[in-house]
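*Asks:*
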Amino acid sequence: MLSVELHTHSSLSYDGRDPVELILEQAEAVGLDAIAVTDHDEIDASLEAVERAPDYGLVGIPGMEISSKAGHVLGLGLERAVQPGLSFESTLEAIRDQDGLAVIPHPFQEARHGVMARISRDELAEGDAIEVYNSRLFTGRANRQAERYAKSRNLPMTAGSDAHISEMVGQAITRVDADERTADAILEAIADGRTTVEGKRTPWRISVQQFAGGVTRRLSHVLKLFR
Numbered sequence: 461m462l463s464v465e466l467h468t469h470s471s472l473s474y475d476g477r478d479p480v481e482l483i484l485e486q487a488e489a490v491g492l493d494a495i496a497v498t499d500h501d502e503i504d505a506s507l508e509a510v511e512r513a514p515d516y517g518l519v520g521i522p523g524m525e526i527s528s529k530a531g532h533v534l535g536l537g538l539e540r541a542v543q544p545g546l547s548f549e550s551t552l553e554a555i556r557d558q559d560g561l562a563v564i565p566h567p568f569q570e571a572r573h574g575v576m577a578r579i580s581r582d583e584l585a586e587g588d589a590i591e592v593y594n595s596r597l598f599t600g601r602a603n604r605q606a607e608r609y610a611k612s613r614n615l616p617m618t619a620g621s622d623a624h625i626s627e628m629v630g631q632a633i634t635r636v637d638a639d640e641r642t643a644d645a646i647l648e649a650i651a652d653g654r655t656t657v658e659g660k661r662t663p664w665r666i667s668v669q670q671f672a673g674g675v676t677r678r679l680s681h682v683l684k685l686f687r
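Just so we're aligned, residue 461 is where the sequence shown starts under this note's numbering, counting upward by one.
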């Protein structure tokens, strides 16, 4: 079983802080086998992480967190960025056009762009896997909802730290029963449902820091758009 981190953000995300190097150092330090850097609507740092991961004894999985009209969708196994602002259905199609895997993160956390604010439960089942444990939780209710839903629909389940600072990489991991220690084998095993999830809550003080930093950077990002 491989220990895989599927949901992290670098400084390329408007609300991320750290460069790829620090993320990979942390992943190595906590004993991960593989990692996906999934920046908001950006893929360059993820592709850099894929190239540099072997230097840290890691498998790099290319991906990004895409802002669909319904909310956030993780695209894993991508070679190029998927356009934000598409419908939920079109976002899934764009990911699959690259033979990628569409994982739906924190679907029931509507305040954090979870898709269930805008799609039906049947539409949610169109995803390839459901993130059932997101480390940035408040009460854990949304995670429990996601797990119950995934089990009821027999959908593959994943976990992710949703780290926006390097120290939180590895807070939540997906154990993957992959045939080989490669990105393709890991994604194939996830699609087949050969996973278990483990995780612990991001400490409150860290969550507050990430949120505060994200608000500041988000405002800066918006202001740049209107200059």
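Glycine included, C-beta positions come from ideal geometry on N, C-alpha and C.
Treat the numbers as computed from the prediction; the structure is a model and nothing was measured.
#1: Scan the region 493-576 and note each continuous beta strand (DSSP E) run of 3 residues or more that stays entirely inside, going in chain order.
#2: Am I right that Asp499 and Ser528 are in contact with their C-beta atoms under 8 Å? What's the rounded C-beta distance?
#3: With three or more beta-carbon pairs closer than 8 Å as the criterion, would you say the region 577-585 touches the region 553-563?
#4: Quickly, what does DSSP pair Gly620 with across the bridge? List them, please.
#5: Need the endpoints of the beta strand (DSSP E) that Ser612 sits in, please.
#6: Name the DSSP beta bridge partners of Val464, please?
#7: Indicate whether Thr655 and Met617 have their beta-carbon atoms separated by less than 7 Å.
#8: If distances are taken between C-alpha atoms only, which option among Ala606, Ile526 and Lys660 comes closest to Ile590?
#9: Just grab the DSSP bridge partners of Thr656 for me.
#10: Taking Cβ positions, are Ala509 and Val464 nearer each other than 7 Å?
*Replies:* Taking the definition as stated:
#1: 494-497, 519-527, 532-536 and 561-564
#2: So it is not a contact: roughly 15 Å between Cβ atoms.
#3: no
#4: Asn594
#5: Careful: Ser612 lies outside any beta strand (DSSP E), inside the alpha helix (DSSP H) at Arg601 to Arg613.
#6: Ala494 and Thr634
#7: yes
#8: Ala606
#9: Arg635
#10: no
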